[in-house]
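Residue numbers (this note's numbering): 60 to 329. We put the CB at the ideal spot given by N, CA and C, even for glycine. As the structure is a computational prediction, the values presented were derived from the model and not from experiment. Have a look at the structure below before the remarks.
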């Protein structure tokens, strides 16, 4: 199901998707430290992150499972291309079939990014995260040996422990005013978390000044996600976890809002 098929989603998501300076700086630093040039933005949304990466000199292919998000990104690309011609491929592609939907360059992309809490948008229908694992397998297939996959997810450990979801000024732009949540349990297990972002559309004249943007997520604990990456990339794969853009140390007392993962595909296949 496309969570972003509402006709008003473009304007709301465009406000929501604006990245903070810290998130941009962190991503650029990681990509440059790993010598990346060719990128797949596998959860491009309205294309703002892809656009920023192109402006920074990267060769980017953008994809999303949402037809509306693909249309938004294509509109941004076409507007940009009218000013000066350049290459920016934008495709509709599903994480479940990503390796079939897209053609990779040579052995694969230098980096595949799947950010914006994207993977938890998938259902966990069997309770074993099989959908998550299939998505990670497809990301793995699109990155070249030695390349990196960058993905993130909310700190669901903290959400389920405290019953609260925090906003982070490091990760959320100034237009997001507050955050409300609902947790849906099935047989005593947290199955779905619905987050309602209250957004101030102060720069969007045609809309009310405050709107709600809702997303439905399948919670995954950090240890569970780490186990999935080990199963897909191999236990020997280099895997670094960040919490709110700083290296995450197991057992640290402060809880980050978001976990970010950098996983390097081994040069020799696991």
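Hey, quick one: how far does the alpha helix (DSSP H) through residue i stretch, first residue to last?
i	result
residue 218	215-221
residue 195	189-201
residue 284	281-292
residue 129	126-142
residue 89	80-92
What distance in whole Å lies between the Cβ atoms of residue j and residue i, which are believed to be in contact at a cut-off of 8 Å?
i	j	result
residue 171	residue 129	Contact doesn't hold; Cβ gap of about 17 Å is too wide.
residue 198	residue 208	5 Å
Between the options, which has its C-alpha nearest residue i's C-alpha?
i	options	result
residue 243	210, 303, 277 and 148	277
residue 289	117, 321 and 314	321
residue 150	143, 241, 156 and 123	123
residue 108	272, 283 and 147	147
residue 241	247, 255 and 248	255
residue 245	185, 126 and 294	185
residue 135	105, 115, 144 and 127	105
residue 295	238, 313 and 327	327
residue 95	103, 86 and 155	86
residue 221	316, 97 and 324	316
In whole angstroms, give me the CA-to-CA distance for residue i and residue j.
i	j	result
residue 191	residue 183	8 Å
residue 71	residue 218	Confidence is the limiting factor: at residue 71 the pLDDT is only 47, short of 50, which leaves the residue's position unreliable, though a coordinate-based value still follows. Approximately 25 Å between the Cα atoms of the pair.
residue 250	residue 279	10 Å
residue 187	residue 121	29 Å
residue 14	residue 110	What the structure shows of the chain is the stretch from 60 to 329, and residue 14 is not part of that stretch, so it cannot be assessed.
residue 286	residue 196	13 Å
residue 206	residue 215	27 Å
Tell me where the beta strand (DSSP E) around residue i begins and ends.
i	result
residue 185	It is not in any beta strand (DSSP E) - residue 185 carries neither H nor E in the DSSP assignment.
residue 156	Note, residue 156: premise wrong, no beta strand (DSSP E); not H, not E.
Count the C-beta pairs between the segment 153-168 and the segment 78-94 that are closer than 8 Å, then say yes if the count reaches three, no if not. These segments do not touch.
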